[in-house]
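J.:
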Amino acid sequence: MKRREFIAWATGAAALPFAARAQQSGKVWRVGVLDSAPAALNGKNIDAFRAGMRALGYIEGQNLAIDYRSPEGRPERLPALVAELIRLRCDAIVARGTPLVLAAKRAMAETPIVMSAVAEPVEAGLVESLSRPGGNVTGLSSFVTQLSQKRIELLKELAPNIRRFGYVGNMSNSSVPAQWDEAKLGAQALGLEPMMFDVRKPEDIAPSFDAMIAKRIDALTVGNDTVVLASRAQVAELAAKHKLPTIYATREYVDAGGLISYAAHYPDLYRRAATYVDKIFKGAKPADLPVEQPTKLEIVVNLKAAKVLGLNVPLTLLGRADDVIE
Numbered sequence: 049m050k051r052r053e054f055i056a057w058a059t060g061a062a063a064l065p066f067a068a069r070a071q072q073s074g075k076v077w078r079v080g081v082l083d084s085a086p087a088a089l090n091g092k093n094i095d096a097f098r099a100g101m102r103a104l105g106y107i108e109g110q111n112l113a114i115d116y117r118s119p120e121g122r123p124e125r126l127p128a129l130v131a132e133l134i135r136l137r138c139d140a141i142v143a144r145g146t147p148l149v150l151a152a153k154r155a156m157a158e159t160p161i162v163m164s165a166v167a168e169p170v171e172a173g174l175v176e177s178l179s180r181p182g183g184n185v186t187g188l189s190s191f192v193t194q195l196s197q198k199r200i201e202l203l204k205e206l207a208p209n210i211r212r213f214g215y216v217g218n219m220s221n222s223s224v225p226a227q228w229d230e231a232k233l234g235a236q237a238l239g240l241e242p243m244m245f246d247v248r249k250p251e252d253i254a255p256s257f258d259a260m261i262a263k264r265i266d267a268l269t270v271g272n273d274t275v276v277l278a279s280r281a282q283v284a285e286l287a288a289k290h291k292l293p294t295i296y297a298t299r300e301y302v303d304a305g306g307l308i309s310y311a312a313h314y315p316d317l318y319r320r321a322a323t324y325v326d327k328i329f330k331g332a333k334p335a336d337l338p339v340e341q342p343t344k345l346e347i348v349v350n351l352k353a354a355k356v357l358g359l360n361v362p363l364t365l366l367g368r369a370d371d372v373i374e
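Here the sequence shown stands for residues 49 to 374, numbered as in our numbering.
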């Protein structure tokens, strides 16, 4: 090749978008997704991640492969799922939820792990600090704990006559005790009596509602946890059956029939997770990529659920809602 031809070729190659250059090289990047919910129930979030990857030049079936795994509310399945992802030789792991990220971190010392959403990454020992994660884990905090008190305020605004509320969560999840502590502070400020209902496996959910009725619980708040999230439709159904106004830590419960949620906008977190994956594929180390927090929070209200419960949602609350399901 002549010198002038070579310069023209090199200049043109440099101008190609990343996806085209990656495709020419034949490299197919493999991302393992380890998520709380089965893929069929996690479409909005995974679609947002795919869209984020596409915007950065990664196309499934061309230069990207995504391997999705979920314990579906069964934490005991995590070791086998992580082992599958190790065998697939993933270039990066995207994981949601403290137990899932912990399982991946313990088994994978070298593979980069991107948190799509984790409540307390520092307290859980996943990263050294938000600004300097260290190790092979970085990504996004879901801000779940910090919003716990506000959820109690919203619940009281929606159902002003409540006196005693139940908190549903899995206390074996290291992020849940902090959420419970914040909920108790919110209850104290409003003169409410909180009661914890520990749910560690799907079979605990129905008996926990029986216990709530026996203890004359007026309302519920549901924390963010892998076990409970996987059974969100059952939780929403039982809350409606027992006429318990309930506020949730993700809108996924509301989409499944629940009453109200106040939380980070999870599709945005998943979209932003793609930027971490891209930076890692381009040579960045997770240890040097600061953990980011949500930039979008949302209140979602389900008027159909409110009608079933016999609640009139205050216009002031509806006016603040980011989405209303009618």
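Yeah, the Cβ is synthetic: ideal placement off N, Cα and C, and Gly gets one too.
Using only CA atoms, which one of Val-302, Ser-190, Asn-184 and Ala-140 lies nearest to Lys-153?
T.: Asn-184
J.: Within a Cβ cutoff of 6 Å, which residues of the same chain sit near Leu-133, ignoring the five residues on either side of it in sequence?
T.: In its chain, beyond the 5 residues on either side, Gly-80 have a beta carbon closer than 6 Å to the beta carbon of Leu-133.
J.: Could you tell me which whole beta strand (DSSP E) segments of length 3 or greater appear in the region 78 to 154?
T.: 112 to 117 and 140 to 144
J.: Under 8 Å by Cβ, that's how I've got Thr-269 and Phe-213 pegged, so tell me the actual separation to the nearest angstrom.
T.: 6 Å
J.: Compare the Cα-Cα distances from Leu-400 to each of Glu-120, Tyr-314, Thr-186 and Pro-225 and report the closest residue.
T.: Here the chain covers residues 49 to 374 and nothing more, so residue 400 does not appear.
J.: Considering Gly-214, what are the terminal residues of the beta strand (DSSP E) in which it resides?
T.: Its beta strand (DSSP E) spans residues 212 to 217.
J.: In angstroms, rounded to a whole number, what distance separates the CA positions of Ala-304 and Ile-373?
T.: The alpha-carbon atoms of Ala-304 and Ile-373 are separated by roughly 11 Å.
J.: From which residue to which residue does the alpha helix (DSSP H) around Pro-315 run?
T.: 314 to 329
J.: Cβ of Ala-354 within 8 Å of Cβ of Gly-306?
T.: no
J.: From the DSSP output, in three-state form, read off Ile-265 for me.
T.: coil
J.: Return the first residue and the last residue of the beta strand (DSSP E) that Glu-346 is part of.
T.: Counting along the chain, the beta strand (DSSP E) containing Glu-346 begins and ends at 345 to 350.
J.: Here's the rule I'm using: 16 or more other beta-carbon atoms within 10 Å means buried, otherwise exposed. How should Thr-343 be labelled?
T.: exposed
J.: Using the beta-carbon count (16 or more within 10 Å), is Ile-107 buried or exposed?
T.: exposed
J.: Return the chain-ordered list of same chain residues with a C-beta closer than 6 Å to the C-beta of Val-356, the five sequence neighbours on each side being excluded.
T.: Ala-288
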